[in-house]
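Note sheet for the following structure.
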Amino acid sequence: MSSDAGSPRKKLYIETVGCQMNLLDSELVVGKLRHEGYELTDDVELADTILYNTCSVRQHAEDKIYSALGRIKNIKRDRPGVSIGVLGCMAQKDQGQILKRAPHVDVVIGPGQLGRVSELLDAARAEGKPQMAVSLPRTGGSRDAVTASFAEYDPLREPAMRPNPFQAFVRIMMGCDKFCTYCIVPSVRGPEQSRPPGAIVEESRALAGQGVKEITLLGQTVNSYKHADDDGQTVRLAELLERLDAIGGIERIKFITNYPNDMTDDLLQAVRDLPKVSRYLHVPAQSGCDDVLKRMKRGYTVELYDDMMGRIREILPEAAVSSDFIVGFCGETEASFRKSVAMVERWRFKNSFIFKYSPRLGTKADTLHIDDVPEEVKRRRNNELLAVQNAICLEDHARFVGQTVEILVEGPSKSSANREVAPGEFGQLTGRTTCDRIVVFDGPGRLVGRTLAVEIEGVSAVTLFGRAATLESVGAGA
Ligand code: SAM
Ligand code: SF4
65 MSSDAGSPRK KLYIETVGCQ MNLLDSELVV GKLRHEGYEL TDDVELADTI
115 LYNTCSVRQH AEDKIYSALG RIKNIKRDRP GVSIGVLGCM AQKDQGQILK
165 RAPHVDVVIG PGQLGRVSEL LDAARAEGKP QMAVSLPRTG GSRDAVTASF
215 AEYDPLREPA MRPNPFQAFV RIMMGCDKFC TYCIVPSVRG PEQSRPPGAI
265 VEESRALAGQ GVKEITLLGQ TVNSYKHADD DGQTVRLAEL LERLDAIGGI
315 ERIKFITNYP NDMTDDLLQA VRDLPKVSRY LHVPAQSGCD DVLKRMKRGY
365 TVELYDDMMG RIREILPEAA VSSDFIVGFC GETEASFRKS VAMVERWRFK
415 NSFIFKYSPR LGTKADTLHI DDVPEEVKRR RNNELLAVQN AICLEDHARF
465 VGQTVEILVE GPSKSSANRE VAPGEFGQLT GRTTCDRIVV FDGPGRLVGR
515 TLAVEIEGVS AVTLFGRAAT LESVGAGA
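Letter by letter, the sequence shown follows residues 65 to 542 of our numbering.
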């Protein structure tokens, strides 16, 4: 059904929590709904459809959604015609529980069923009762049946949902088969599937046609990408990057998140040799201690991770590498935590995302191990590891002072409250180097979307501060 010219457009409010995969899913949902006659609003009070695209990776992300649902109860009471939806990972995980805890919810849709969003919203309105669409559990049928229940839907891209018109995410893989014991992702996002390379290339070409300059390829273990054509030809990430590198208009290609065991030399060589591929690798270690890694069932040892880092440093000496760590996982002693600190010190990551372990119902860790590290110990370890990482960031950033770096200008900086800077107006802008370092500088709004040389004058642990080296010529309209 598409919009009737005469009928008023339905106002859609959507909030997204979680990872880049969720941001992309929200973009696709909005693209679909706009096509069906909805228009976006950023005021929940004005909306007649309110959607939450949710995350289940940590308890905190779920708590946020349940309290948001509590806050909007009065909207539904005052305007019963408003439709409320819970989408994404929490919908797949909690299913009917959501309707029990929040009976004012109209639709519950798992990440593998998002293509049905407008149909289910219509059905909930027509039938006056909640609708739920979720995929099969991992043990709910043959691998093919479970995989098919996590269907991919046609990417109707929605430029208005992207933070800016020249950067876009492109999904190349869905699901995960690694089953790390702490992680809910394999249950809520289903079996690992790689999209056909032709579809990825076509989508990236279309994005380039819309003015996109930078694409970020997404997958839970993106470097495990592997697609077998009908003729038996297997395409892996290195070859896919080569095909994407050839697309005119695309200037930068990034890919996240990498799995240490699949970081092959030929992939590292492709990153080295392909001019558009960013020398930036996000490869979570999760822990620097073999006992913990074993309990996490990460499938590698510290020696193997170190070997991979050695190969990265050898083949791509200038690459920036970032990591994720979980602190306070079941049985993590002070000595095991010290090994994570030592790993951060040894490899001096560009940055690390550090999380306190959050037990997830339905995971192996939750049934096999005891969450025995007290909350205050988790918090202390989190702060300590972050402090070690931040000190490294600051030291590493210091060497950029006086250097000129090339950045893609993304928009107004956070400290200017992300306020739009008009093309002729000066304001504080932000951009990123190809190694994913954040650079802030003053310049006119017309620089947004341009690739620019910036001379670095100062640094903090998170940001490089600079002056646009080519500002005069660009300011004159170049
Ligand atoms: N697929 C990616 C990988 O393997 O690294 C990331 C997936 S997960 C959405 C992102 C990060 O969340 C993980 O790298 C891990 O550090 C963290 N994480 C996952 N489950 C967690 C849990 N139960 N408690 C705390 N952190 C968790
Ligand atoms: Fe979760 Fe591990 Fe899969 Fe990453 S690789 S999504 S941490 S199970």
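For every residue, glycine included, the Cβ atom is placed at its ideal position computed from N, Cα and C.
Proximity winner among the options, relative to residue i (alpha-carbon distances)
i      : options                           : result
Ala455 : Ser268, Thr497, Val408 and Gly426 : Val408
Ser404 : Glu378, Lys428, Pro423 and Thr365 : Thr365
Val94  : Val171, Ala384 and Ser182         : Ser182
Gly513 : Leu493, Ile520 and Asp500         : Leu493
Cys240 : Ala399, Pro261, Gly283 and Pro476 : Gly283
Glu382 : Leu301, Arg336 and Thr298         : Arg336
Tyr289 : Glu448, Leu88 and Ile236          : Ile236
Glu306 : Asp460, Asp330 and Gly160         : Asp330
Gly192 : Phe230, Ser422 and Gly145         : Gly145
Asp106 : Leu87, Glu440 and Met225          : Met225
Glu126 : Val169, Cys457, Cys153 and Glu91  : Cys153
Ile51  : Leu511, Ala209, Val518 and Leu110 : Coverage of the chain is limited to positions 65 through 542, which leaves residue 51 absent and any answer about it impossible.
Arg410 : Leu449, Gly179, Arg445 and Val504 : Leu449
Gly491 : Ala532, Pro223 and Arg463         : Ala532
Asn415 : Arg444, Glu459 and Lys137         : Glu459
Val150 : Lys420, Val198 and Leu88          : Val198
Ala232 : Leu511, Gln274 and Thr527         : Gln274
Ser387 : Gly204, Leu200 and Arg412         : Arg412
Glu440 : Thr80, Gly392, Glu103 and Thr427  : Gly392
Leu528 : Val469, Ile376, Ala486 and Ala429 : Val469
Pro476 : Gly466, Glu489 and Leu87          : Glu489
Val299 : Val265, Ile279 and Ala272         : Val265
Gln257 : Asn287, Glu267 and Lys420         : Asn287
Gly352 : Leu332, Arg377, Ile418 and Gly296 : Ile418
Gln333 : Glu367, Ile376 and Leu163         : Ile376
Between the CA atoms of residue j and residue i - distance to the nearest angstrom
i      : j      : result
Lys74  : Asp354 : 54 Å
Ala270 : Asp294 : 25 Å
Arg202 : Gly254 : 7 Å
Gln195 : Arg135 : 21 Å
Ile317 : Ile78  : 28 Å
Ala525 : Leu345 : 19 Å
Gly541 : Pro508 : Interpretation of Gly541 is limited by its pLDDT of 31, a score under 50 that renders its predicted location unreliable; no figure is taken from the coordinates.
Asp500 : Lys442 : 28 Å
Asn82  : Pro423 : A quick correction: the sequence has Gly, not Asn, at residue 82. The straight-line gap from Cα to Cα measures roughly 17 Å.
Ala132 : Asp208 : 36 Å
Leu432 : Val172 : 30 Å
Arg521 : Val452 : For the record, residue 521 in the displayed sequence is Glu; it is not Arg. Answer to the nearest angstrom: the Cα atoms are 24 Å apart.
Tyr369 : Met327 : 10 Å
Leu281 : Thr245 : 25 Å
Val523 : Ala212 : 49 Å
Ser251 : Gly426 : 8 Å
Asn138 : Ala166 : 12 Å
Ala462 : Ala384 : 15 Å
Under the three-state DSSP convention, the category residue i falls into
i      : result
Met196 : strand
Pro348 : coil
Ala188 : helix
Ser416 : strand
Glu459 : helix
His291 : strand
Val108 : helix
Ala232 : strand
Ile279 : strand
Ile129 : helix
Thr298 : strand
Short Cβ contact (8 Å threshold) for residue i with residue j
i      : j      : result
Val347 : Asn325 : no
Arg189 : Glu216 : no
Leu76  : Thr113 : yes
Val341 : Asp309 : yes
Lys358 : Ile314 : no
Arg343 : Leu304 : no
Ile311 : Gln350 : no
Val356 : Glu396 : yes
Gln156 : Pro175 : yes
Leu178 : Asp89  : yes
Leu511 : Val473 : yes
Per DSSP, cross-strand counterpart(s) of residue i
i      : result
Tyr102 : Lys74
Glu79  : Tyr116
Ile162 : Answer is none; Ile162 lacks a bridge partner.
Gln257 : Met238
Phe529 : Val504 and Gly522
Gly149 : Leu115 and Val171
Asp388 : Phe417
Ile471 : Thr497 and Leu516
Ile264 : Partner(s): none; Ile264 has no beta bridge.
Phe464 : Note: Phe464 sits in no beta bridge, so no partner.
Ile248 : The partner list for Ile248 (beta bridge, DSSP) is empty, contrary to what the question assumes.
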